[in-house]
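*Asks:*
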Amino acid sequence: MHNRMMITGAGSGLGREIALRWAREGWQLALSDVNEPGLVETLQKVREAGGDGFIQRCDVRDFSQLTALAQACEEKFGGIDIIVNNAGVASGGFFSELSLEDWDWQIGINLMGVVKGCKAFLPQLLKSKGKIINIASMAALMQGPAMSNYNVAKAGVVALSESLLAELKMQEVNVHVVCPSFFQTNLLDSFRGPTPEMKAQVGKLLESSPISAADIADYIYQDVAKGQFMILPHEQGRMAWEIKQKNPQMIYDEMTAMANKMRAPRTK
1 MHNRMMITGA GSGLGREIAL RWAREGWQLA LSDVNEPGLV ETLQKVREAG GDGFIQRCDV
61 RDFSQLTALA QACEEKFGGI DIIVNNAGVA SGGFFSELSL EDWDWQIGIN LMGVVKGCKA
121 FLPQLLKSKG KIINIASMAA LMQGPAMSNY NVAKAGVVAL SESLLAELKM QEVNVHVVCP
181 SFFQTNLLDS FRGPTPEMKA QVGKLLESSP ISAADIADYI YQDVAKGQFM ILPHEQGRMA
241 WEIKQKNPQM IYDEMTAMAN KMRAPRTK
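UniProt numbering numbers the first residue of the sequence shown as 1 and each following residue consecutively.
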């Protein structure tokens, strides 16, 4: 019976919602986070939703804590079928303002935390022919201004996932990368479409309400079942990515305009 999942950053937000989505299917969950009270609450909700499992404090910067978590999964569940590398921290500031410590912190958690999670659990995933779900961000694809360290860390998660997709295919371990949006870009307000249809589509998008973490978790659940590698839960994000693939310069110009706006002295 393949129904054992490990989630980092499970104490709140998207990590918790992913736990609840799989709990509704009766999965066994290994929940980890640095926030223990959050974990206790997540486990309680997981049990109410029809799942079960255990919690273990884990800082993804520390490989030994991740290997201990993998060991706990082996002991309690006899292995693991899906790992979700979701733990992450937000960050911002213009490049000139970011210290090298800011870079180390961001790369250490958001990129190396994912690398270490994959490394600690790979032996079990090879045995179970399991799945890796890495949570990146639309920032990995769009590189918004004043968040270069975040953009670089998340782009690294996408590149890692693409590398693993190719390497693990033959060993029957599936890889997925999720790029949720987390800031409202005005990308599409200023978009000049080549066709009236495109314009109408953009109009529809701008009316659409931002989706909740629970909606994102459900979208991930559906797309993983379909075997989709790159998972873009936000319609606006899908649209922006499509534009960038066809016309990157349009996105660069938009981001430059955003950067200039952010730099302008805020006048009433």
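Glycine is no exception: its CB is placed at the ideal position from the N, C-alpha and C atoms.
Bridge partners of D215, per DSSP?
*Replies:* Paired residues: none, contrary to the question.
*Asks:* Among G26, N85, L69 and R263, which has the Cα closest to the Cα of V178?
*Replies:* Among G26, N85, L69 and R263, the Cα nearest to that of V178 is on N85.
*Asks:* Can you round the beta-carbon distance between L98 and N151 to whole angstroms, since I take them to be within the 8 angstroms contact cut?
*Replies:* Contact flag wrong, Cβ pair sits at about 11 angstroms.
*Asks:* Going along the chain, which residues of its own chain have a beta-carbon closer than 6 angstroms to the beta-carbon of I133, five neighbours each way excluded?
*Replies:* Closer than 6 angstroms at Cβ, skipping near neighbours: V84 and H176.
*Asks:* Which of helix, strand or coil does DSSP assign to K129?
*Replies:* DSSP places K129 in coil when its eight states are reduced to three.
*Asks:* When you compare the CB positions of D33 and G50, do they come within less than 8 angstroms of one another, or not?
*Replies:* No, the pair does not count as a contact, with Cβ atoms beyond the cut-off.
*Asks:* Determine the DSSP secondary structure at G53, reduced to helix, strand or coil.
*Replies:* Looking at G53 - three-state DSSP - the assignment turns out to be strand.
*Asks:* Specify whether the segment 47-63 and the segment 19-27 touch according to this definition: at least 3 beta carbon pairs, one from each stretch, less than 8 angstroms apart.
*Replies:* Touching, yes, given that three or more Cβ pairs across the two stretches are closer than 8 angstroms.
*Asks:* Determine the extent of the beta strand (DSSP E) in which Q28 is found, giving its start and end residues.
*Replies:* It spans Q28 to D33 - the beta strand (DSSP E) in which Q28 sits, taken as one unbroken run.
*Asks:* In chain order, what residues of the same chain lie with their CB nearer than 7 angstroms to the CB of M262, ignoring the 5 residues before and after it?
*Replies:* P145 and A146, listed in sequence order.
*Asks:* Helix, strand or coil: how does DSSP classify V158 here?
*Replies:* DSSP places V158 in helix when its eight states are reduced to three.
*Asks:* Under three-state DSSP, which class holds R61?
*Replies:* If DSSP states are grouped into helix, strand and coil, R61 belongs with coil.
*Asks:* Please report the Cβ distance between E17 and I216, rounded to the nearest whole angstrom; I am assuming they are in contact, meaning their Cβ atoms lie under 8 angstroms.
*Replies:* Yes, they are in contact, since the Cβ atoms of E17 and I216 sit about 7 angstroms apart, within 8 angstroms.
*Asks:* Using the three-state DSSP reduction, which class does R4 fall into: helix, strand or coil?
*Replies:* Looking at R4 - three-state DSSP - the assignment turns out to be strand.
*Asks:* Who are the near neighbours of D102 in its chain, counting only those whose CB is closer than 8 angstroms to its CB and skipping five residues on each side?
*Replies:* The answer, listed in chain order, is S91, G93 and N149.
*Asks:* From S181 to L141, what distance separates their C-alpha atoms?
*Replies:* Approximately 10 angstroms, taken between the alpha carbons.
*Asks:* I'd like to confirm the pairing. Which residues does DSSP put opposite V177 in its beta bridges?
*Replies:* N134 and M230.
*Asks:* Suppose you measure from the CA of M250 to the CA of A155; what does that come to, to the nearest Å?
*Replies:* If I take the Cα positions, the gap works out to 20 angstroms.
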